[in-house]
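Residue 90 in UniProt numbering sits at position 90 of the sequence shown; the count goes up by one each step and never skips. We put the CB at the ideal spot given by N, CA and C, even for glycine. Below is one structure, written out as structure tokens, with a few remarks after it.
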Amino acid sequence: MTNQAIRQCLAGRQLLETEVPFPKEVLHRSLHVNHQPALQSEFGHWHCRRCGNDEQALFYTHECARCKQQCTYCRYCIRLGKASSCTLLYTWVGALFSYRPLFSACAWRGTLTSAQAVAAKALVRAVEQAHVHLLWAVCGAGKTEVLYPALARSFALGYRVAIVAPRIDVIKELAPRLYEAFPKVSQSVWYAGSRKQPLHAQLVLATTHQLMRYQHAFDVVIVDEVDAFPYAYDERLQRAVERARKNVSAFILLSATPSRQIQKQYRFHQTKISRRFHGHDLPLPSLQWCGHWRKDLQQGKLPKKVRAWMMSHRIKPKMIFVPSVHILEQLSISLKRADMAHVAVHAQSQARHTDVALYRRGEVDCIVTTTILERGITIKGLQVAVLGAEDHIFTEAALVQISGRVGRNQAEPTGDIVFFHHGKTKAMKKAIAHIVSMNEEE
Ligand SMILES: [Zn+2]
Ligand SMILES: [Zn+2]
Numbered sequence: 001m002t003n004q005a006i007r008q009c010l011a012g013r014q015l016l017e018t019e020v021p022f023p024k025e026v027l028h029r030s031l032h033v034n035h036q037p038a039l040q041s042e043f044g045h046w047h048c049r050r051c052g053n054d055e056q057a058l059f060y061t062h063e064c065a066r067c068k069q070q071c072t073y074c075r076y077c078i079r080l081g082k083a084s085s086c087t088l089l090y091t092w093v094g095a096l097f098s099y100r101p102l103f104s105a106c107a108w109r110g111t112l113t114s115a116q117a118v119a120a121k122a123l124v125r126a127v128e129q130a131h132v133h134l135l136w137a138v139c140g141a142g143k144t145e146v147l148y149p150a151l152a153r154s155f156a157l158g159y160r161v162a163i164v165a166p167r168i169d170v171i172k173e174l175a176p177r178l179y180e181a182f183p184k185v186s187q188s189v190w191y192a193g194s195r196k197q198p199l200h201a202q203l204v205l206a207t208t209h210q211l212m213r214y215q216h217a218f219d220v221v222i223v224d225e226v227d228a229f230p231y232a233y234d235e236r237l238q239r240a241v242e243r244a245r246k247n248v249s250a251f252i253l254l255s256a257t258p259s260r261q262i263q264k265q266y267r268f269h270q271t272k273i274s275r276r277f278h279g280h281d282l283p284l285p286s287l288q289w290c291g292h293w294r295k296d297l298q299q300g301k302l303p304k305k306v307r308a309w310m311m312s313h314r315i316k317p318k319m320i321f322v323p324s325v326h327i328l329e330q331l332s333i334s335l336k337r338a339d340m341a342h343v344a345v346h347a348q349s350q351a352r353h354t355d356v357a358l359y360r361r362g363e364v365d366c367i368v369t370t371t372i373l374e375r376g377i378t379i380k381g382l383q384v385a386v387l388g389a390e391d392h393i394f395t396e397a398a399l400v401q402i403s404g405r406v407g408r409n410q411a412e413p414t415g416d417i418v419f420f421h422h423g424k425t426k427a428m429k430k431a432i433a434h435i436v437s438m439n440e441e442e
């Protein structure tokens, strides 16, 4: 009985002793459980076995409350619980779970466009042959639906699947859709602060960080928004995702704006969808010079052009992107003074999730945000503005993603996207060229 329980908890995973609900003696008796200190030290050089961190500045030595000694822990993966030199890391070395083949698991009854169908077929092939594949699909191409045939095939083969994304909002938006599309498949959703989840679910949805708790677990790993921060810039996360795969497994990458490097790396294993599922063009951003908008905000005034834009879309849902939290706060004050209802959301704002939920339900029609919401939000009839588009944080990819929020709904396939700026940048011009070229492709 206990063995079965240990297996359910640990198979395909690596967990700290503080995360495992079994006594040490029991775990150490099991032939299928391996244990090592979570941190390794060689010649005074620390290495974290859980996350693979080697950067010495990210290790911290302190008087530990657990072992009552001087003890070192890894700050890189601290959000998943403290991996310290006095803590054991448990891994599973026995047989993994097998899942019964599930036929016709997909309850989605829609149809794919011909471009979607071609891409879906390529992904099914990648699953069957345990290959890598990049799906490069414009924002609003309907890439989630494109995954369905490959997921259905995976479950028919009894495979275990992980779908991960760097951003929590993307996972939150994806989860209910997958529950609906695959009601018979056991699922768990992991992100910082998620509720207790079934441990051996066949379909795992998670932020990329959470995959550090897995090893050699998945037959198929799908990484959404593969170009997004922090995944794209952090080798440790990429290694964690790599380690979560079985030795023979399919690896599928999704992006609307893959970096040049990824485009090149996967050039022989990629499919492109340059049309939105409803067949309409991607909305083209307009550029509006907005003068000394920073000065206006400092004085608590709403820049004239922004006010005019707000008025012209009075009852429509609106989103305004700004370059920093500081500007977000200033803009929020100016909007309040102008009596314009809104919520202001950034990565650390306490009410972030309730505010976004208010907005999704349509209870407030304007959201002001930093780039954290550039991906993953889909709202019908959305109008979008970027204030301070000249800021370096708005790269070509960020501007393309932000523009991609507009016109995603079949019933309202167009909408306004404007870059308010104090001087055109290369990134702005490149973003527009990018969208034009996608619109020109067949
Ligand atoms: Zn670590
Ligand atoms: Zn300790």
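Which residue or residues does DSSP assign as beta-bridge partners of residue i?
{"i": "serine 98", "result": "In DSSP, serine 98 forms no bridge with anything."}
{"i": "threonine 61", "result": "Thr72"}
{"i": "threonine 91", "result": "Gln14 and Asn34"}
{"i": "cysteine 366", "result": "Lys318"}
{"i": "arginine 408", "result": "Per DSSP, none; premise fails for arginine 408."}
{"i": "isoleucine 252", "result": "His133 and Ile222"}
{"i": "tyrosine 214", "result": "Arg13"}
{"i": "serine 274", "result": "Serine 274 pairs with nothing; no bridge assigned."}
{"i": "histidine 47", "result": "Gln40"}
{"i": "arginine 245", "result": "Phe218"}
{"i": "threonine 113", "result": "Beta-bridge pairing links threonine 113 to no other residue."}
{"i": "alanine 344", "result": "Val368"}
{"i": "tryptophan 190", "result": "Ala206"}
{"i": "alanine 165", "result": "Thr207"}
{"i": "leucine 287", "result": "Phe419"}
{"i": "serine 84", "result": "Tyr73"}
Quick check: does the Cβ of residue i come within less than 8 Å of any heavy atom belonging to ligand 2?
{"i": "cysteine 77", "result": "no"}
{"i": "serine 312", "result": "no"}
{"i": "serine 41", "result": "no"}
{"i": "threonine 87", "result": "yes"}
{"i": "glutamine 36", "result": "no"}
{"i": "arginine 109", "result": "no"}
{"i": "serine 9", "result": "It should be pointed out that residue 9 corresponds to cysteine in this sequence rather than to serine. Incorrect: cysteine 9 has no Cβ contact closer than 8 Å to ligand 2."}
{"i": "cysteine 290", "result": "no"}
{"i": "cysteine 139", "result": "no"}
{"i": "cysteine 366", "result": "no"}
Can we count residue i as close to ligand 1, meaning its CB is less than 8 Å from some heavy atom?
{"i": "cysteine 48", "result": "yes"}
{"i": "cysteine 74", "result": "yes"}
{"i": "alanine 83", "result": "yes"}
{"i": "asparagine 247", "result": "no"}
{"i": "cysteine 64", "result": "no"}
{"i": "proline 71", "result": "In the sequence as presented, proline is not what sits at residue 71; that position holds cysteine. Result no, Cβ not under 8 Å from ligand 1."}
{"i": "cysteine 51", "result": "yes"}
Can you find the residues in the same chain that come closer than 7 Å, C-beta to C-beta, to residue i, ignoring five residues on each side of it along the sequence?
{"i": "alanine 427", "result": "Phe394, Thr395, Glu396 and Leu399"}
{"i": "tryptophan 412", "result": "Checking the displayed sequence, the identity of residue 412 turns out to be glutamate instead of tryptophan. Lys380 and Gly381, listed in sequence order."}
{"i": "glycine 425", "result": "The sequence shown places threonine at residue 425, rather than the glycine named in the question. Here the set comprises Glu390."}
{"i": "glycine 300", "result": "Ile333, Ser334 and Arg337"}
{"i": "residue 451", "result": "Residue 451 is absent from the structure shown; the chain starts at 1 and stops at 442."}
{"i": "serine 259", "result": "Asp227 and Ala232"}
{"i": "histidine 346", "result": "Val325, Leu328, Thr369, Thr370 and Ile372"}
CB-CB under 6 Å to residue i, same chain, minus the five flanking residues each way: which ones, in chain order?
{"i": "leucine 237", "result": "Thr208 and Tyr231"}
{"i": "aspartate 416", "result": "Gln383"}
{"i": "aspartate 296", "result": "Pro303"}
First and last residue of the alpha helix (DSSP H) that includes residue i?
{"i": "threonine 430", "result": "Here residue 430 is lysine; the residue named in the question, threonine, does not match the sequence. Segment 426 to 440, the alpha helix (DSSP H) holding lysine 430."}
{"i": "lysine 264", "result": "260 to 265"}
{"i": "lysine 305", "result": "304 to 312"}
{"i": "lysine 143", "result": "143 to 156"}
{"i": "glutamine 299", "result": "Careful: glutamine 299 lies outside any alpha helix (DSSP H) and carries neither H nor E."}
{"i": "valine 325", "result": "325 to 337"}
{"i": "threonine 354", "result": "352 to 360"}
{"i": "alanine 232", "result": "From DSSP, alanine 232 is part of no alpha helix (DSSP H); its letter is neither H nor E."}
What span of residues does the beta strand (DSSP E) with residue i cover, start to end?
{"i": "phenylalanine 420", "result": "417 to 421"}
{"i": "threonine 207", "result": "203 to 207"}
{"i": "valine 386", "result": "383 to 387"}
So does residue i have its beta carbon nearer than 8 Å to some heavy atom of ligand 3?
{"i": "asparagine 3", "result": "Ligands present in the displayed structure are limited to ligand 1 and ligand 2, and ligand 3 is not among them."}
Please go through the same chain and pick out, in chain order, the residues whose beta-carbon is closer than 8 Å to the beta-carbon of residue i, but skip the five residues on each side of it.
{"i": "valine 138", "result": "Ala256, Ile273, Ser274, Arg275, Arg276, Leu282, Gly404 and Met438"}
With a threshold of 8 Å, are at least 3 pairs of Cβ atoms found where one atom belongs to the segment 312 to 319 and the other to the segment 380 to 389? Yes, the segment 312 to 319 touches the segment 380 to 389.
Within 8 Å, do at least three Cβ pairs link the segment 428 to 439 to the segment 328 to 346? no
Below 8 Å, how does it come out for the segment 4 to 16 and the segment 196 to 203: are there three or more Cβ pairs, yes or no? yes
Inter-stretch contact at 8 Å, needing at least 3 Cβ pairs: the segment 238 to 257 / the segment 217 to 226: yes
With a threshold of 8 Å, are at least 3 pairs of Cβ atoms found where one atom belongs to the segment 113 to 120 and the other to the segment 151 to 165? The segment 113 to 120 vs the segment 151 to 165: no contact.
Count the CB pairs spanning the segment 141 to 155 and the segment 173 to 193 that are closer than 8 Å, and state whether there are at least three. yes
Can we say the segment 52 to 67 touches the segment 81 to 92, given the rule of at least three CB pairs closer than 8 Å? yes
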